[in-house]
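A short worksheet on the structure shown next.
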Amino acid sequence: DVKVTQSSRYLVKRTGEKVFLECVQDMDHENMFWYRQDPGLGLRLIYFSYDVKMKEKGDIPEGYSVSREKKERFSLILESASTNQTSMYLCASGVAGGLQETQYFGPGTRLLVL
Amino acid sequence: AQKVTQAQTEISVVEKEDVTLDCVYETRDTTYYLFWYKQPPSGELVFLIRRNSFDEQNEISGRYSWNFQKSTSSFNFTITASQVVDSAVYFCALSEQNNDMRFGAGTRLTVKP
């Protein structure tokens, strides 16, 4: 079974703090993704990576950065957290072969920025 | 541009009823992929099905079935004899080649005992 884990299920941070969300997958997948999920908006892609040290912007990259130093780990960084970044963050991984491949998701991190 | 519409925001049914979740998509590509995911209260999206644009055959998996109709750009999902454990948010998604996956807003299904 594919296993995607996220470092925290719930996180509370203050405005202006630097926030790290970690994601690890154990299936040797090339592709990894970060989404945010908000009510009525579904999932929106923040960043994705198709290889180590490679990253691509998704639909809403502003205010975020990512890091992929190892194949199994993909980190999402909020350089200076703001209240509008309060959301559910979902990490996913998938095999190479295009972004149309099935993605497998972690349990999500609920981030509250005060 | 891609777009996925799940017009039903919330659906509530009583156990053992059949329920259909609608998904309508927009794309100009001839090659694309459609997905359904389930998000139970635990939060993790669970993959249910992936279908490419060249395969219009309907699929059945236990109590789940999917009706793909290119003529109406729809990929609807039916749960037969619903159960309380089916309560979740269901997402339909579309992916074109070399393009990221686009999700609908989701449909929250509540199955009451």
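Chains as they are written, first to last, in my numbering: chain C, 1 to 114; chain H, 1001 to 1113. Just so it is clear, CB atoms sit at the ideal spot from N, CA and C, and this is done for glycine as well. In this text the structure is predicted, and so the values were computed from the model without any measurement.
Whose CA, out of H/Lys-1112, H/Thr-1072, H/Gln-1083, H/Tyr-1064, lies closest to the CA of H/Tyr-1037?
H/Tyr-1064
Within chain C, the residues that H/Arg-1050 reaches when beta carbons sit closer than 8 Å:
Thr-102
At 9 Å on the CB atoms, spell out the chain H contacts of C/Phe-74, in chain order.
Under the 9 Å cutoff, chain H gives no residues; its nearest Cβ is about 15 Å from C/Phe-74.
Could you tell me how far apart the beta carbons of H/Cys-1023 and H/Phe-1077 are, in whole angstroms, since I believe they sit closer than 8 Å?
7 Å
Going by DSSP, what residue range makes up the beta strand (DSSP E) through C/Val-12?
10 to 13
Whole angstroms are fine: how far does the CA of C/Gly-94 sit from the CA of C/Asn-31?
5 Å
Can you tell me whether DSSP reads C/Gln-6 as helix, strand or coil?
strand
When burial is assigned at 16 or more other CB atoms within 10 Å of the CB, is C/Ile-46 buried or exposed?
buried
Looking only at C-alpha atoms, which of H/Val-1084, H/Asn-1052, H/Val-1019, H/Ile-1079 sits nearest to H/Gln-1069?
H/Asn-1052
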